[in-house]
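Report on one structure; see the data block that follows.
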Amino acid sequence: MADPQIDYADIQGTILRGYRVDMARHFILSIADPKAAGALIAALVDGTDGMPRITTAARWTVKPECFVNISFTAAGLAALGVTQTQLATFDPAFVRGATAAATASKVGDVGTSDPSQWIGGMSDGNQVHIVLNLWVDENPSVLEKVTARLRAAFAGCMTELSAHDAQALPDNQVHFGYRDSISQPTVIGAPDRKCDIPDHQSPVATGEFLLGYANASSGTYSVQPAELSTNSSYAAFRILEQDVAGFETFLTEYAAKAGIDREMLAAKVCGRWRNGNPLVLAPDAQGTVLPTEDLNDFTYVSDQPAQDDRLGLKCPIGSHLRRNNPRNEKVNGTDSTHHRIVRRAMPYGPAYDPAHPDSNPTPRGLIGYFINASLFNQFEFLTAQWNLLPSFVKSDSMPSDPSAGNAYFNISGQDVFLGVNDPATSSFTLAAPGEKGKNNTVIKGFPRLVITRGGAYCFLPSVTGLRYLATLLSSRS
Ligand code: HEM
């Protein structure tokens, strides 16, 4: 089947393009005057009235000085005039919203991560209407100049509940010290990503990331009215606070308990060494960084014994990487191509310096969008089924030697990064060959290391959809 022709100029850029910028500011907004808010949306779409223009996925010849995108919660769409009948056609997770009790229990936003504890006005999902994103290259003056223009425009039509800054760390690192942004899906029909790290996995159906195109199950996600459907998408906006000191302590204590090097434990819980090398390709030592071409060139199951890791002996089945993209591993439900997501998150807060630990805990973590055409089947499925459950792995033994072990016994607990890890129940399995996991090392009793501090389930309308929303209420009167 031919790739779909996609009108990039109709699609908000962050869905299909990584902007390669160093700084971001995310505004959490509540609509005060819907008609005036519509006028502001129109000005953002066209870049008029001194507003920065919404960035689309269309190619640019000159890199813009800033990148702007905008998303809406279900409450935000309702405030702009989308009817409840129309909203009922949207993704059920989106309609339920990030702060609903059913969502929170599903994705692990419980205890200290409970939405009632969220910062910046996000605990009341009904008042969060818009997440407006501004990204700039390393240039604080542009960030402040554009922020001032936006804030002047918010006056009278939107209440700024909060603003949240992000700042890239060197070498694309995240706060636990790993290199990030290595694996992203290749979306069929998306702009070429010549500078990106090759994915080496099957390109993913356009409809997994954009409404109105065939998805991996040969269906099409769509909504009513039609203006809001084709070329739109959804995202989970998340503010995830990382306990870096706690993570370093975890590595020291539990590497000693398991009798392995602490950098090896860091690699085992992630699936990549901190320099980005995947454990499957570098199982024994970090080594020098592999060529870019090779960083995603691996699978977990192979007919060639030397390349096979179905038992998780090199890369634990419970590692962050394998839980979030099991590649060709046998899992319950549909395979990993049905649940991939585009990650557009960036670190916030200062880098942690182990030589000078914080005297007071300093908030730092990861903030941004996890983008997909179905929050229900992608973000929520990944989180609830794969990160929080050990039972997603199907029974699978080595065909040549069934006594070598079985994948089913080589996983326990929840994701070390994203799990609701309570010292009373937490566990992580380091697999060793042997029937029923008899030689495995299971580490237990570690705390939760990432806390959700805020979030929203968002709809990223197409440009057509933004124009529709901009005039929806005024067209009715
Ligand atoms: C503070 C929280 C998080 C940290 C520290 C973290 C860290 C990492 C790191 C270091 C990688 C490896 C780099 C790469 O392959 O690009 C990675 C990959 C990945 N993460 Fe996370 N992550 C976090 C949150 C999340 C969330 C919330 C999700 C989605 C539910 C997620 C999904 C993924 C996926 C899909 C991959 C790529 C897996 C692959 O394709 O092999 N991560 N993450």
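In case it helps, my numbering puts the sequence shown at residues -13 to 463. Where is the CB? At the ideal position from N, CA and C, for every residue including glycine.
Relative to ligand 1, is the shortest distance from any of its heavy atoms to the C-beta of residue i smaller than 7 Å?
i	result
Gln228	yes
Leu26	no
Val379	no
Leu265	no
Leu237	no
Tyr443	no
Ile303	no
His342	no
Val117	no
Ile353	no
Phe356	yes
Val436	yes
Val160	yes
Leu166	In the sequence on display, residue 166 carries Asp and not Leu. The answer is yes for Asp166.
Leu129	no
Asn311	yes
Arg350	no
Ser360	no
Ile174	no
Ser169	yes
Quick one: Cα of residue i to Cα of residue j, how far?
i	j	result
Ile(-3)	Thr42	5 Å
Val473	Pro269	The structure shown does not extend to residue 473, since the chain spans only -13 to 463, so no value can be given for it.
Ala241	Val428	11 Å
Pro38	Pro50	10 Å
Leu2	Leu446	12 Å
Gly33	Leu26	10 Å
Gly4	His150	19 Å
Gly24	Ala221	21 Å
Gly(-1)	Val449	10 Å
Arg434	Glu421	30 Å
Tyr454	Ala(-5)	16 Å
Pro388	Gly405	31 Å
Leu299	Trp372	19 Å
Met384	Phe236	32 Å
Phe432	Val93	19 Å
Taking the DSSP output, what are the residues bridged to residue i?
i	result
Met144	Ile17
Met9	Val122 and Gln153
Cys444	Ala221
Phe362	None, per the DSSP bridge assignment.
Leu416	Thr427
Ser383	Asn392
Pro25	Sequence check: residue 25 is Ala here, not Pro. BP columns for Ala25 are empty, so no partner.
Ala165	Residue identity check: residue 165 is Arg in the sequence provided, not Ala. Arg165 pairs with Gln159.
Gln(-2)	Thr42
Thr438	Leu226
Ile116	Leu15 and Phe58
If you drop the 5 nearest sequence neighbours on each side, which residues of the same chain put their C-beta closer than 6 Å to that of residue i?
i	result
Lys430	Ser413
Leu30	Met37 and Ile40
Ala152	Ala10, Met332, Tyr334 and Ile353
Which same chain residues, not among the five before or five after residue i, have their C-beta less than 7 Å away from its C-beta?
i	result
Ile183	Ile168, Thr278, Leu281 and Asn282
Ala90	Val96, Asp100 and Pro101
Gly273	Asn263
Arg248	Leu237, Thr238 and Ala241
Ala337	Leu155
Spatial neighbours of residue i within its chain, please: C-beta separation below 8 Å, excluding the five flanking residues on both sides.
i	result
Thr206	Gly193, Leu197, Gly198, Tyr199 and Ala200
Pro177	Tyr(-6), Leu2, Arg3, Ala43 and Arg45
#### Entry: Complete runs of the alpha helix (DSSP H) confined to the region 192 to 278 [at least 4 residues]
230 to 244 and 248 to 256
### Task
Please list the segments of the beta strand (DSSP E) lying wholly inside the region 40 to 113, counting only runs of 3 or more residues, in order along the chain.
53 to 58
### Query
What are the complete beta strand (DSSP E) segments, minimum 3 residues, inside the region 304 to 362?
328 to 334 and 351 to 358
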